[in-house]
Each structure stands twice: as C-alpha cells, then as structure tokens.
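Chains A and B, in that order, give the protein sequences. Just so we're aligned, residue 1 is where the first sequence starts under my numbering, counting upward by one. Just so we're aligned, residue 1001 is where the second sequence starts under my numbering, counting upward by one. Single-structure report; data block below.
Protein chains: 2
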Amino acid sequence: MLSDRQQMILNAIVDNYIHSAEPVGSRTISKREDIGFSSATIRNEMSDLEELGYLEQPHTSAGRVPSTKGYRFYVDNLIQPHLLEEAELGKLKQLFAERILHAEQVVEYTAQILSQLTNYTAIVLGPEIFEHRLKHIQIVPLNASQAVAIVVTHTGRVENKLIDLPEGIGAGEIERLVNLLNGKLTDVPLWQLRQRLYQEISGEMQRHTEQYEEILQFLNNSLTQEEERVYLRGATKILNQPEFRDVDKVKDILELLEQHDQLLNVIGMQGDGLTVRIGQENQLDAIKQCSIITTSYSLGGKPVGMVGILGPTRMEYGKVITVLNHLAEGLSRMLTSQFEK
Amino acid sequence: MLSDRQQMILNAIVDNYIHSAEPVGSRTISKREDIGFSSATIRNEMSDLEELGYLEQPHTSAGRVPSTKGYRFYVDNLIQPHLLEEAELGKLKQLFAERILHAEQVVEYTAQILSQLTNYTAIVLGPEIFEHRLKHIQIVPLNASQAVAIVVTHTGRVENKLIDLPEGIGAGEIERLVNLLNGKLTDVPLWQLRQRLYQEISGEMQRHTEQYEEILQFLNNSLTQEEERVYLRGATKILNQPEFRDVDKVKDILELLEQHDQLLNVIGMQGDGLTVRIGQENQLDAIKQCSIITTSYSLGGKPVGMVGILGPTRMEYGKVITVLNHLAEGLSRMLTSQFEK
DNA sequence: TTTAGCACTCAATAAGCATGAGTGCTAACA
DNA sequence: TGTTAGCACTCATGCTTATTGAGTGCTAAA
C-alpha cells in the first residue's frame, strides 16, 4: 500500500529519529545520500505519510516523528539486518563458553550482558522447566525444634525452607520419613507429584498425618508452584534517554520495574517467538512511551523462558532484535546440551 | 557554645525546612508559637548562625537552609524523641510475629517495612553470622557428569552449586565421600574448616585429590567467604523528593543503588550502634546530597548485620532513627531467640 | 536588648520580540 | 504528470526587559 518511495522515506525518518531523538525535517531527509529528491518532494510525501497515520507532528512548524503505526511498519517491513561488532560477538561467545553454572546463573548473566550490549533495560525470565523431576529430598535438623527441608530437582535447582519440627521427634524418625519420600518420589515428574504424594504415601503416613503435614505442603509447593524468577538489569539506562529527562516521566517506569512481581506482566509470556510491542500497544500505562521486545528460549525445542528489552519507542530495533536472537539461541543451545544428554 | 535561643531557632529552622523543602525566612520562624521574638530579632540570630556555619543562604534574598554542620548539631543535640503511630507500630509487631522464616527472609521483609514506614530507601545487610557451623553436606548426582553440592549450616542457611563429576565415578564412591565429610566435619565451626579440611581428610583423599579438588574448594568457599546479602527496597522513593526532581541529580544515586556490590560501601559496616552520615560527610560523591542513617542488629549481643536508610539530607531524622531502633531491636531479639536456645 | 521601619537584593514570573527550523501551497519546469 | 523553486506562514526557543515579592541587613527608637 505504501509506494517504494514512501517506504524509503519512512525508513529514513525512523532511522534518523532513532539516532537523533529530534523531529526530522524534510531537508534533513533530502540531504541523505540514498535519497535523490528535493525537500519539497519529501514534504509532500511526508504530508501523505502523516495523513496515513505513519507520522506525527509535535507542532505545526516542527519536523515529523514516527507514530506507533510508523514504528510498527518499520519493524514489520523495513528493518534491515544488523551486524554485531567483533567485541559484541566476543561477549556473547564468552558468556556461553562458561560451563559449570546453574541454568539460573547463566540466565542472570544473560540479563547483564543484554543490558550492556544494548544500553537498554534487560528483563529475563525463567527458565521455567516444566518437566521438573524430583531428584532428592533432604531434611536437616538444626536443633530440637527446627529443621531445613531441601528439595533438589533433576535440573539442579535447589529449594529450601525452614520448618518447625513436631515436638519430641527423633532423628531416626526423620530419617525414616526422608528415606520413604526419596524411595517413593525420586524421578517422579512434577505434574504427578501431588497425586502420588497423597496416593502412595498417605497410607504410610496415617500415623503422622498431622505432624508431617507441613513438610508435605512444602514439598508440594516447591515443586508445584513454579516460582518464576525474573532478572532485571540496567533499569537506570532509561535515564540516559533524552525523552526521559523528566522525573515524572521516568518515575512510573522505575516504580514499575522495582516491583519484581509486576515484571511478569511487563514481558508476559505472550508468543513464543519474537514479539515487539511498541508504545501504545503496551497494556500497562506506565510504559506506553516505551517499546518492549521479547523472545523465548527453549529447552529441547520447548520454550521455557523469555529474554526481553525495555527501551524508549525510539529504540534501535534492528540491533536489539539481533542481540536478542543471538542470546535466545545461545541460551537454548546451552540449556539443551546441559539437560538433554 | 550556642545560646539556648540560638539552639531554639536552629531547631525551628531545621524542623521547618525538613517539612517544607523551602528555604525558611525570619518571619516564618517568628510566627511559630514556640518563638516569642520578632522577625528582626530572628534575622540577627540567623545572621550569627550563618556566620558560625550552621546555616546557608542559597542567595542573598532567600531564607536560610541548614548546612551539614547545622544538621549535625540538630541530630546530635536538638532531635526530639519521635512517637510512632498505632498503625506503624502495628506493622512492626506483625513483622516480628512471623515465625518459621529464615533469618534471611525476615531481613528481607525488614527492608520492605523500613522503606514503607519512612518513605525513604532502605538498605539492609546481613545477617553475617560469624559462628557458622557446618550441619550437613550433601551431593546429589543429576546425571553421569553433573551433580549438585549442597551445604547446610547450623543456622539453616543453604548454599548450593552445580559441579562437574570426574568421569566414571560411581554413586557408591560419592556416598562414601559424603559420609566421610559429614562424619569429620559436622559441627566444625567455620573458622576451623579450612584447616580441618586439609588436615584430617587429606589423608583419606590422597587417592582422589585431583578429582575432589573442586568439591573441596566449593565447601571451603561457601563456608569461608561470607557472601554478604544486601536487600534494597524503595530505591525510587528518592524521586518523590522535591530537591531531586532533576534527572541528573538522581541518576548517579540510582545507578549506585543498582550495583548491589556497591551497596556495601554505602552503608558500610562502620560503627556498631546508630550512625548518621549527613550530606558532605559521605564518602561517595553520588550521595553527598543525601544522608544515611544506619544501625546494627545483633545475635546474642554480637552485631551481625545492619539496617539503614538513605534519604535526602533534609530527612526526618527523628522518625527514621526511631524506626531503625525499633527494627534493629526486633531483629536482634528474633535472631537471638531463634539461634541461641 | 529588642523591634519597627526602610532601603536593598535577587529569584521567579511574565511579556515582548527576534530567530530560525520547518511547513504548506503555488506556479513554473522537465 | 511528477518534481522542484520560491515564498508566506507557524510556532518553539531563546533573549531581553520589567514586575513582583519574599527575604535580608542596617539603623534608630523604644
């Protein structure tokens, strides 16, 4: 629907605006090497593009700024593949060269690198591994009344909780219970656990039901409720953006980012592949001036987490998308090789 | 050295400025009920106080603002005991009524409450419990080449790390090693661990030295190197302060707060009791416009961690000090009752 | 010693004006 | 018919100037 020339001009405007943060005028565009038209011609085209909703004018005598629709067209049709520099590629390689790290830790570093490479805020989620299987249960008494219950999954995740011991329970009894649980529940996949717990073990536990209720509940919780872990890095990068030099504009954003439980809503597990949400397209009011780009990473082909970038609508979409793809791919490869062998 | 009247006036000025954030003039002070002098008299006194370095004037025709020295005098001599409201006390009580929480978790909630009650940024450190004793070691193999090593201390702290297994090692061998370690090292206090590790066990390990080196190193690390945990809450509260409505002013502060490893320098384990560092007294440039109030909490009389508040120099010192004292006391009581029985 | 009175200072606000980047439109040109 | 030169017009920005008012310092009288 847009002529080639219109696309070319739109592309030039978005490009320019992304780097200058200033409304761009017709003369600026006509001076570009790849454009062979006078400013007057550009003006006409710009006028048309504005009428079509791809551009906006802050005020009559200012240049044009891309609208949400304009960015959307740019992202969907005009974006050109971005090549990373040597140094950038190096950092990525280095990250995935690390062995001997929990999946969680790799993900944490990923957030760090992501923010460093893009200069935007990185939000990384996961990994939420659905096929968690129980590997080991341990209860370590600390004193007469307290103990730590520990659960290890086959992915190497460790959860622990302080629990109150029933009065007068002996080390032997605890050991018996632990052995029982380990014997019956090892390698049981998560989704069967609740069922198994009550089915197979309730008999043996008839005597103690009341006492061990809490332990069982923890077991159930720590394996059932996937505690999603969100890593946030570079939240303050937004302060470098000229359009956010006003405290009131950033306050809502930073407050949102500060609430970790809200972050899930921000990068929300939407599509599995690459998703770009631009400005007004975002649900949350606080970030209607921002764009969010996310993609998922996977384990054995199954998406288990997300990496995302939050920046101004005037974002370097091309670069961010490239970096995200690299990272998601690297993460997936790493996770898969770690757990699927 | 300051006359009673001077102190009274200084007190009134600081009080007023803390609540208004505007330079305070002589008339404002003379109108206060507790002051029975005309504005002219106040002016003379203010002039003297400025000469003595307790007050500053943003410009000739503005009111006065307390200097760092002025705040210092206020904090050291003039501050009046602050009474907390019912609702505030309730929140504190509720926090410490929780049982069945790791020390770490209580500390985390403490940061939350602290920030909520004061409307400033809360930084909480610790608890760094020096008398860590080893309670249990566990190695859970995940597959042929990887395992999770878990260490539980007598305080209920759980550390874990993914480790590579030497090729061809069997479950039996691992179990033997774990039993050996548990047998020899349980209840060994931290500070003896390194020594014992090499002294008592090196013999048994002669055969495997190379293979188990990594495991031992982790053991050593996770118990020796006290990983200090810092909890930060309400970092964005600073954005509510009128003197920080400028992005450039807050940027350095927020960036500092974002680096968790820097936070130690911010609230740094200085004195054990209540410490107030006002404006220029701070080492870090980024927070020379801020004040930091910290106090320590203890376990059995021995300081093990810190609670702190970061806010503008124009801070409600009285209230913050009261809240901090309450929290430190509550934390200490809780920790002590939890571990010293 | 205190205070009323007054001249003085200076940030903040508003108003007026020039500047210039940018537009839209029209008419001429290829 | 598409392109462009030219020109009038708009409007944010920045500068200058005047006005206001909160606040001071100083002096002289109580």
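Ideal Cβ placement from N, Cα and C applies to all residues, glycine included.
{"Asked": "Beta-carbon separation (whole angstroms), A:Gln-289 vs A:Lys-249, contact threshold 8 Å", "Found": "7 Å"}
{"Asked": "Beta-carbon contacts of A:Ile-150 that lie in its chain and below 6 Å, excluding the five residues immediately before and after", "Found": "Gln-138 and Asn-160"}
{"Asked": "Chain-order list of residues whose beta-carbon lies under 7 Å from that of A:His-82 (same chain, five-residue window excluded)", "Found": "Gly-318, Lys-319 and Thr-322"}
{"Asked": "Sequence-distant residues of the same chain with beta carbon closer than 7 Å to A:Pro-402, five excluded per side", "Found": "An answer regarding residue 402 of chain A cannot be provided, because it is not within the stretch 1 to 341 covered by chain A."}
{"Asked": "Span of the beta strand (DSSP E) around B:Lys-1249", "Found": "Unbroken run through B:Lys-1249 is the alpha helix (DSSP H), 1247 to 1258; no beta strand (DSSP E)."}
{"Asked": "Cβ neighbours of A:Val-158 in the same chain (closer than 8 Å, five flanking residues each side left out)", "Found": "Ile-150, Val-151 and Val-152"}
{"Asked": "Simplified DSSP assignment, three categories, for A:Ala-87", "Found": "helix"}
{"Asked": "Contact with chain A by B:His-1136, beta-carbon distance below 8 Å", "Found": "yes"}
{"Asked": "Inter-residue Cα distance where the pair is A:Met-1 and A:Asp-246", "Found": "38 Å"}
{"Asked": "Cross-chain neighbours of B:Lys-1251 in chain A, by beta carbon under 9 Å", "Found": "Thr-236, Leu-239 and Asn-240"}
{"Asked": "Contact residues within the segment 1152 to 1174 of chain B, judged by C-beta distance below 8 Å to chain A", "Found": "Val-1152, His-1154, Thr-1155, Gly-1156, Val-1158, Asn-1160, Lys-1161, Leu-1162, Ile-1163 and Asp-1164"}
{"Asked": "Classification of B:Ala-1021 by the beta-carbon crowding that lies within 10 angstroms, buried from 16 upward", "Found": "exposed"}
{"Asked": "Contact list for B:Arg-1043 against chain A, beta-carbon separation under 9 Å", "Found": "Correct list: empty, because the minimum Cβ distance to chain A is about 35 Å."}
{"Asked": "Supposed contact pair A:Ser-296 and A:Met-315 - C-beta distance, whole angstroms, cut 8 Å", "Found": "Between A:Ser-296 and A:Met-315 the Cβ distance is about 19 Å, and since that is not below 8 Å, they are no contact."}
{"Asked": "Supposed contact pair B:Ile-1293 and B:Ile-1123 - C-beta distance, whole angstroms, cut 8 Å", "Found": "In fact, because the Cβ distance is near 10 Å, the residues do not count as touching under 8 Å."}
{"Asked": "Residues that B:Lys-1302 bridges to, as DSSP identifies them", "Found": "B:Leu-1299"}
{"Asked": "Three-pair Cβ contact test at 8 Å for the segment 89 to 103 of chain A versus the segment 1084 to 1099 of chain B", "Found": "no"}
{"Asked": "Proximity of B:Ile-1309 and B:Thr-1118 at Cβ, strictly below 8 Å", "Found": "yes"}
{"Asked": "Cut-off 7 Å between Cβ atoms - residues of its own chain near B:Ser-1298, not counting five sequence neighbours on either side", "Found": "Val-1304 and Ser-1332"}
{"Asked": "Listed by chain order, chain B residues near A:Glu-258 by CB distance under 7 Å", "Found": "Ala-1235 and Thr-1236"}
{"Asked": "Backbone CA spacing between A:Ser-39 and A:Lys-31 [nearest angstrom]", "Found": "8 Å"}
{"Asked": "Cα-Cα separation between A:Gly-36 and B:Leu-1264, rounded to whole angstroms", "Found": "58 Å"}
{"Asked": "The segment 50 to 69 of chain A touching the segment 9 to 18 of chain A, judged by at least three CB pairs closer than 8 Å", "Found": "yes"}
{"Asked": "Reduced DSSP secondary structure (H/G/I, E/B, other) of A:Pro-66", "Found": "strand"}
{"Asked": "For B:Tyr-1231, the residue or residues it bridges with in DSSP", "Found": "B:Val-1124"}
{"Asked": "For A:Val-307, three-class secondary structure by DSSP", "Found": "strand"}
{"Asked": "Span of the alpha helix (DSSP H), counted from its first residue to its last, around A:Leu-185", "Found": "171 to 185"}
{"Asked": "Opening and closing residue of the alpha helix (DSSP H) in which B:Asn-1143 lies", "Found": "Where B:Asn-1143 is concerned, there is no enclosing alpha helix (DSSP H), given that its DSSP letter is neither H nor E."}
{"Asked": "Within-8 Å CB hit, B:Glu-1098 to chain A", "Found": "no"}
{"Asked": "For A:Arg-333, the three-state DSSP class (helix, strand or coil)", "Found": "helix"}
{"Asked": "B:Ile-1163 versus B:Ala-1235 - alpha carbon distance", "Found": "36 Å"}
{"Asked": "Interface positions of the segment 1058 to 1090 of chain B facing chain A (Cβ-Cβ less than 8 Å), listed along the chain", "Found": "none"}
{"Asked": "For B:Leu-1125 and B:Val-1230, believed in contact at Cβ under 8 Å, the rounded distance", "Found": "5 Å"}
{"Asked": "Per-residue contacts from A:Glu-33 into chain B (C-beta, under 9 Å)", "Found": "Under the 9 Å cutoff, chain B gives no residues; its nearest Cβ is about 35 Å from A:Glu-33."}
{"Asked": "CB contact below 8 Å: A:Leu-254 versus chain B", "Found": "yes"}
{"Asked": "6 Å Cβ shell around B:His-1136 - same chain, five flanking residues per side excluded", "Found": "Val-1152"}
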